[in-house]
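Novice: In the UniProt record's numbering, the protein residues as written are 1 to 280.
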């Protein structure tokens, strides 16, 4: 009898052209497709002319489906697991199923493709050698702030998912808990028609979002720089001061430029005066 296989199939996060040929072939060939929302997946299959048997697998019925899916695999069935968009199990249902089937010795095969997490990191311009994926933060403000406070000392790049109705509050909480100067990249509607990327400090992006209403529409990935070590922070502050001084010195004398730069950066006025002299 043919060995049963569960394929974990990645689907597009927006642009349907990102669907891989392998994913289309497997979805067309399997005996059954387990989908987070069968209505969403039915539309995807229709777009590619695929007719498949669909069944739901979401947060509310996943635990109850494990035994029957394992039985189907033991009968030699070929199955696929998909989420509404992107790679299954990444902030989507499937962990309980895959964990149980893996523990039972069932064959599970990844079919890689689109992932909002990886797409965001590839263009954010923040360190990617080490990062932490935090998924969605708690919906309640108090819990969200406590969660962020627990990440204050985290040196790795942080990645979050967020919805349109909480993005403003989430960015405000990042500015409050991690600091207004913490560098943030907000990626909106990745791979879709109105894809947008916003870069700046947490404080700057909070202000920008309050002005630009379009910035709060759609689906978001928020990438936040990790905490910089003190010596690195000092180096970054000095570089930032150089940039500020270079602009100020175009219009102001050295002493006045140093005084204004000190107010903007919090660095000692004497240090900035020496930097300004060197630049001028």
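Where a beta carbon is used, it is the ideal one built from N, C-alpha and C, also for glycine.
In this text the structure is predicted, and so the values were computed from the model without any measurement.
Just the Cα atoms here: how many angstroms apart are residue 209 and residue 23?
Specialist: Taking the chain shown and counting its residues from 1, the one referred to as residue 209 is at position 209. Taking the chain shown and counting its residues from 1, the one referred to as residue 23 is at position 23. Roughly 37 angstroms separates the two Cα atoms.
Novice: What first and last residue would you give for the beta strand (DSSP E) that runs through residue 183?
Specialist: Walking along the chain shown from the start, residue 183 turns up at place 183. Unbroken beta strand (DSSP E) run through residue 183: 183 to 188.
Novice: Pick out whichever of 196, 107, 173 and 181 has its Cα sitting closest to the Cα of residue 3.
Specialist: In the chain shown, counting from the first residue as 1, residue 3 sits at position 3. The shortest C-alpha separation from residue 3 is found at 107.
Novice: Taking C-alpha atoms, which residue in 240, 196 and 241 lies nearest to residue 219?
Specialist: In the chain shown, residue 219 corresponds to position 219, counting from 1. That would be 196, whose Cα lies nearest to the Cα of residue 219.
Novice: Is there contact between the segment 3 to 23 and the segment 111 to 119, where contact requires at least three CB pairs shorter than 8 angstroms?
Specialist: With the cut-off at 8 angstroms, the segment 3 to 23 and the segment 111 to 119 touch.
Novice: When you compare each of 13, 6 and 103 to residue 72 by their alpha carbons, which one comes out closest?
Specialist: On the chain shown, residue 72 is found 72 positions in, with the first residue counted as 1. Of the candidates 13, 6 and 103, the one whose C-alpha sits nearest the C-alpha of residue 72 is 6.
Novice: Is residue 128 helix, strand or coil by DSSP?
Specialist: Numbered from 1 along the chain shown, position 128 holds the residue referred to as residue 128. Residue 128: coil per DSSP, three-state reduction.
Novice: Assess, as a yes-or-no matter, whether the segment 182 to 191 is touched by the segment 134 to 152 under the definition of 3 or more beta carbon pairs within less than 8 angstroms.
Specialist: In short, these stretches do not touch, since the Cβ pair count stays below three.
Novice: Please work out which residues of its chain come closer than 6 angstroms, Cβ to Cβ, to residue 15, disregarding the five sequence neighbours upstream and downstream, and give them in chain order.
Specialist: As a position in the chain shown, residue 15 is number 15, starting the count at 1. Once the five neighbours on either side are set aside, the close Cβ partners of residue 15 are 191.
Novice: Look at the alpha carbon of residue 231 and the alpha carbon of residue 201, and state the distance between them as a whole number of angstroms.
Specialist: Indexing the chain shown from 1 puts residue 231 at position 231. Indexing the chain shown from 1 puts residue 201 at position 201. With a pLDDT of 47 at residue 231, under the threshold of 50, the modelled position of this residue cannot be trusted, and the question is left open.
Novice: Hey, quick one: how far does the alpha helix (DSSP H) through residue 276 stretch, first residue to last?
Specialist: Indexing the chain shown from 1 puts residue 276 at position 276. Start and end: 269 to 279.
Novice: Taking residue 102 as the reference, give the member of 92, 86, 25 and 69 with the closest Cα.
Specialist: Here the question's residue 102 lines up with position 102 in the chain shown. The residue with the shortest Cα to Cα distance from residue 102 is 69.
Novice: Per DSSP, what kind of secondary structure is residue 141 in: helix, strand or coil?
Specialist: Locating residue 141 in the chain shown gives position 141, counting from the first residue. In the structure shown, residue 141 sits in a helix (DSSP, three-state: H, G or I).
Novice: Are residue 257 and residue 267 close, meaning C-beta to C-beta below 7 angstroms?
Specialist: Here residue 257 corresponds to residue number 257 of the chain shown, with the count starting at 1. Here residue 267 corresponds to residue number 267 of the chain shown, with the count starting at 1. Not a contact, by the Cβ cut-off of 7 angstroms.
Novice: Tell me, to the nearest whole angstrom, how far the beta carbon of residue 33 is from that of residue 86; I am working on the premise that it is less than 8 angstroms.
Specialist: Residue 33 sits at position 33 when you count from the first residue of the chain shown. Residue 86 sits at position 86 when you count from the first residue of the chain shown. Contact flag wrong, Cβ pair sits at about 16 angstroms.
Novice: Return helix, strand or coil for residue 22, following the three-state DSSP convention.
Specialist: As a first step, residue 22 is located in the chain shown; it is residue number 22 there, counting from the start. The answer is helix: DSSP assigns residue 22 an H, G or I state.
Novice: Opposite residue 42 in the DSSP bridges: which residues?
Specialist: For the purposes of this step, residue 42 is identified with residue 42 of the chain shown, where counting begins at 1. Answer is none; residue 42 lacks a bridge partner.
Novice: Have a look at 214, 53 and 44 and flag the residue whose alpha-carbon is nearest the alpha-carbon of residue 79.
Specialist: The count along the chain shown starts at 1 and reaches residue 79 at position 79. The residue with the shortest Cα to Cα distance from residue 79 is 53.
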